[in-house]
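Protein sequences appear in the order of chains W and X.
Per the numbering used here, the first sequence starts with residue 1, numbered consecutively.
Per the numbering used here, the second sequence starts with residue 1, numbered consecutively.
Even for Gly, the Cβ is constructed at its ideal location relative to N, Cα and C.
A quick note: this is a predicted structure, and the numbers were derived from the prediction, not measured.
A short write-up of the structure that comes next.
Protein chains: 2
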Amino acid sequence: MITNPSPPKHQPTFRRHSASGRVKLDELADHLGLSKSTVSRALNGYSDISESTRKRVEATARKMGYRPLSHAQAIRTGKVRAIAMVVNSGEPDRHNPFLQDFLAGACEAASAFDWTMTISTAKSEKDMLNVLGRLVEERKADGFILPRTEVEDARIEYLRASNVPFILYGRTGYGQTDPDSDTSWFDISGEAAICSAVTRLRAFGHSRIGFVGSDPKFNYSHLRREGYLEGLKAAEMPVDPELIREGARSRDEGATQARALLELDHPPTGIVFATDLAALGSYSVCAEFGLQIGQDVSILGYDGIPECQYVSPGLTTFSVDSKRAGERLAEMLIRQTRGEAPEGLRELGQAELVERKSDGPPRLTPEELAHKVTQLKNGNRGGDRP
Amino acid sequence: MITNPSPPKHQPTFRRHSASGRVKLDELADHLGLSKSTVSRALNGYSDISESTRKRVEATARKMGYRPLSHAQAIRTGKVRAIAMVVNSGEPDRHNPFLQDFLAGACEAASAFDWTMTISTAKSEKDMLNVLGRLVEERKADGFILPRTEVEDARIEYLRASNVPFILYGRTGYGQTDPDSDTSWFDISGEAAICSAVTRLRAFGHSRIGFVGSDPKFNYSHLRREGYLEGLKAAEMPVDPELIREGARSRDEGATQARALLELDHPPTGIVFATDLAALGSYSVCAEFGLQIGQDVSILGYDGIPECQYVSPGLTTFSVDSKRAGERLAEMLIRQTRGEAPEGLRELGQAELVERKSDGPPRLTPEELAHKVTQLKNGNRGGDRP
DNA sequence: TTTCGTTCCGAAACCGGTTTCGGCAATGGA
DNA sequence: TCCATTGCCGAAACCGGTTTCGGAACGAAA
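Written as structure tokens, this is what we have:
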């Protein structure tokens with residue numbers, strides 16, 4: 001004591017940290033010798049705070065490790081600095097390996113704005129609206145990401161009526177530019193990918209190309225079918241309704257549709273699938289028919305699920321960058337909640353072709369293929385052990 | 001005016017819904033003719049509110065669709081009614097198809113308590129602590145689920161020091177009962193599963209059984225290795241260090257370790273893998289060596305990833321119910337944040353054996369297997385096109 | 001009738017921030 | 001010199017709930 005010549009005077013209630021361990025605004029304020037309203041405005045960039053004061057406040061806040069409680073801010077501002085997404089856990093293809101990538105992208109983007117992400121799941125269509133409703137009513141998020149947009153989407157109606165910001169991962173209404181609609185979205189152009197798949201098969205020399213679509217309730221299913229039709233047109237090939245199948249939501253349903261196509265009198269030598277999962281379903285059918293994928297029949301998928309590279313032969317597919325989708329969606333949604341017009345927040349990305357061994361020049365004509373299929377079917381029927 | 005004989009008297013500020021559209025506590029209160037403190041206490045089950053009033057309040061609240069804002073409550077109570085989890089997005093086996101199931105379970109359990117779930121991702125070990133720190137400091141959650149516990153886990157140290165409730169998906173310290181530790185956890189007994197895998201192979205008649213572990217930094221890797229040793233002991237088989245491999249984090253690394261085992265002078269005729277992914281890696285090696293899985297060599301996995309049923313032959317594995325894990329973890333964590341002692345919140349579940357075609361009685365002795373491997377290797381080396 | 005203890009509710013403080021409003025001092029112009 | 005701005009900050013209200021505290025009303029005991 002004696003050795004200290006200048007004991008600090010006027011050190012009023014020097015409780016740097018309160019009992020809770022957190023530094024709160026009051027403490028930061030009287031540590032700075034300012035009022036808490038001044039500190040708050042300094043931190044929030046109000047123009048009526050001098051530049052020097054602002055710097056000092058910011059520096060001290062950082063030094064003391066001050067972090068506002070987001071829910072304390074929310075009570076006055078009405079914004080919780082969080083975005084939410086509710087995923088459907090009841091889908092047949094629910095084992096989506098991309099969820100983690102998608103969340104990684106969305107969370108990283110949100111973190112960059114100092115926002116967080118809350119997530120929930122719904123068991124059914126009806127449950128979806130309940131879950132969404134609870135999140136909205138309790139104001140758990142300032143905006144929503146809506147994955148897997150449907151042609152008729154109840155979520156959109158609800159959120160629009162509730163006047164809550166949201167962004168679509170996908171488009172609605174088959175993707176027609178909907179000028180009076182005020183929704184923002186991000187999507188990957190599945191139609192462009194499928195179109196180029198057809199072009200690619202045509203370039204290989206295929207003359208009959210089939211298409212297996214996905215669940216028609218999802219908007220992307222229609223877009224990809226249109227991409228197929230577009231591809232045929234570009235290649236100046238005729239449209240044969242026989243070659244268009246729908247509703248392959250799962251691997252097994254993909255197998256069913258592939259079988260139907262291959263058992264045609266005039267089967268396609270190349271098949272484009274709307275999803276990888278459905279495309280992988282065709283592998284078992286081809287094995288059953290003794291058809292060599294990539295030679296007897298060419299298969300193309302879409303999504304880029306990891307399994308594609310481990311099947312034999314590897315599945316050529318259009319890979320979607322889910323992480324980037326999450327990033328873009330989160331960023332655009334946050335910007336929307338900050339006041340940007342939804343009309344300006346729309347982006348269309350492209351899937352990336354990953355060439356593997358499941359497609360190539362046709363070894364057989366459709367007639368030869370048909371012959372081989374019926375022959376092998378009869379052969380298998382004759383004796384179980386060839 | 002005149003025609004109305006009894007104008008409603010005393011109808012003070014009958015603004016059922018304020019401008020915001022939400023019903024707030026004040027409005028509910030003066031709709032009931034009560035003070036907002038009474039209404040609040042009635043809704044929160046205080047004992048100094050008469051039963052009849054409580055009923056009336058609850059009924060009216062439901063009728064008017066009143067929902068308290070969780071962040072408005074949080075400011076006073078300090079509880080945000082949310083749990084959080086941060087997943088590591090930088091792992092080699094990050095394409096975890098179970099995340100969705102896990103989240104579904106956790107979200108459903110949380111919803112049942114009227115809680116929500118916030119999620120975040122971390123790119124690296126260091127980032128993990130940053131992300132966790134931000135969530136803690138902003139008080140975005142009342143408790144944390146820590147997936148994939150490591151032998152030395154920095155997250156645990158941090159949260160313990162911060163005095164924030166958390167629960168482990170997994171155990172620590174190799175799983176020794178750690179009596180003075182006060183952590184709660186839920187886990188699936190990988191050791192019991194692997195042990196029974198050894199027993200199963202022994203019953204098939206295998207005399208040499210190998211084990212391929214996972215990343216030693218994760219606690220489960222050690223537990224499963226101990227399960228393997230336990231299984232050998234139960235079957236009264238000797239421990240051969242040659243048959244124990246470690247560090248197969250991915251499919252490719254699984255392949256590497258499988259190759260090492262099969263190229264032994266005394267190779268195992270059955271191999272138990274700590275993860276399905278690693279086990280699937282062995283398929284390509286067996287194909288390369290011309291070995292028929294399920295006959296020449298038996299393979300057993302663990303996890304129950306969907307791909308197991310689509311490879312040929314189907315992989316016998318121990319399936320983990322991720323959804324249930326999420327449910328249990330969320331529920332136990334919430335109970336912990338409500339004051340229950342962590343010591344009482346521990347649960348060990350069992351994995352379920354799913355029998356497929358990748359294991360069975362050994363067709364070859366280890367010597368014959370070794371012979372076949374070297375023969376085929378030389379054969380392949382002699383000419384690329386057999 | 002008085003006193004005491006319950007039962008039940010309202011007034012007001014409180015949580016940790018944000019935002020409005022007004023005032024002081026310095027500045028500029030007349 | 002005086003008045004009107006302007007720049008900068010503090011006091012206080014406010015957000016929507018929760019919790020403390022005190023007191024009115026009532027019945028039972030004295």
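Non-local beta-carbon contacts of Thr-60 (chain X) in its own chain, meaning distances under 6 Å to residues more than five positions away in sequence, involve Leu-32 in chain order. When beta bridges are read from the DSSP output, Val-354 (chain W) appears opposite W:Thr-317.
Residues of the stretch 67-84 of chain W with a C-beta less than 8 Å from any C-beta of chain X: Arg-67, Pro-68, Leu-69, Ser-70, His-71, Ala-72, Ala-74, Ile-75, Val-80, Ala-82, listed in chain order. For Lys-126 (chain W), there are no C-beta contacts with chain X under 8 Å, since the nearest C-beta of that chain is about 14 Å from it. Contact check for Arg-171 (chain W) against Asp-187 (chain W) passes: the beta carbons are separated by less than 8 Å.
Taken in chain order, the whole alpha helix (DSSP H) runs of length 4 or more contained in the stretch 219-261 of chain X are 219-234. Less than 8 Å separates the beta-carbon of Leu-329 (chain X) from that of Ile-167 (chain X). Distance from the CA of Leu-69 (chain X) to the CA of Leu-353 (chain X), rounded to the nearest whole angstrom, comes to 45 Å.
For Asp-26 (chain X), the enclosing alpha helix (DSSP H) begins and ends at 25-32. Chain-order list of chain X residues neighbouring Leu-103 (chain W): Ile-119, Thr-121, by C-beta distance under 7 Å.
Proximity of Thr-38 (chain W) to chain X, defined by a Cβ-Cβ separation below 8 Å, is not satisfied. Assigned with DSSP and collapsed to three states, Asp-142 (chain W) falls in coil, not helix or strand.
Residue burial annotation: Pro-165 (chain W) is buried, with at least 16 other C-beta atoms found within 10 angstroms of its C-beta. In the structure shown, the three-state DSSP call for Tyr-302 (chain X) is strand. In its chain, beyond the 5 residues on either side, Leu-345 have a beta carbon closer than 8 Å to the beta carbon of Arg-335 (chain X).
Nearest CB-CB separation between Asn-219 (chain X) and chain W: not below the 8 Å threshold. Nearest to Ala-351 (chain W) by alpha-carbon distance, out of W:Trp-115, W:Ile-293, W:Asp-321, is W:Asp-321. One Cα belongs to Ser-250 (chain W), the other to Phe-211 (chain W), and the distance between them is close to 15 Å. Judged by DSSP secondary structure, Ala-84 (chain X) falls within the beta strand (DSSP E) whose first and last residues are 82-88. In this structure, Gly-213 (chain W) keeps its C-beta atom at 8 Å or more from the C-beta atom of Ala-260 (chain W). Glu-327 (chain W) does not reach chain X, its nearest Cβ partner there being about 11 Å away, counting only Cβ pairs nearer than 9 Å. In this structure, the CA atom of His-206 (chain W) is about 10 Å from the CA atom of Arg-363 (chain W). Distances from the alpha-carbon of Gly-78 (chain X) to those of X:Arg-139, X:Val-57, X:Thr-38, X:Thr-199 put X:Arg-139 closest.
Approximately 14 Å separates the beta-carbon atoms of Ala-279 (chain X) and Ser-221 (chain X); this is outside 8 Å, ruling out the contact. Assigned with DSSP and collapsed to three states, Arg-41 (chain X) falls in helix. In the three-state scheme derived from DSSP, where H, G and I count as helix and E and B as strand, Glu-108 (chain W) is classed as helix. Beta-bridge pairing by DSSP links Thr-365 (chain W) to no other residue. In the DSSP annotation of this structure, Arg-22 (chain W) is not part of any beta strand (DSSP E), being labelled neither H nor E.
Under a 10 Å Cβ-count criterion, Asn-96 (chain W) is classified as buried, with 16 or more other Cβ atoms of the shown protein chains found around its own Cβ.
A straight-line Cα-Cα distance of about 14 Å links Thr-116 (chain W) and Met-332 (chain W). Of the residues X:Gly-227, X:Leu-146, X:Ile-271, X:Glu-191, the one whose Cα lies closest to the Cα of Leu-201 (chain X) is X:Ile-271.
For Ser-89 (chain W), the closest Cβ of chain X is nearer than 8 Å.
Using a Cβ distance threshold of 8 Å, Val-198 (chain W) and Tyr-228 (chain W) count as a contacting pair.
Contact annotation, Thr-149 (chain X) with Asn-44 (chain X): C-beta distance approximately 36 Å; criterion of less than 8 Å not satisfied. Partner residues in a beta bridge of Glu-58 (chain X), as assigned by DSSP, do not exist. Assignment of Val-151 (chain X) by DSSP, reduced to helix, strand and coil, places it in the coil class.
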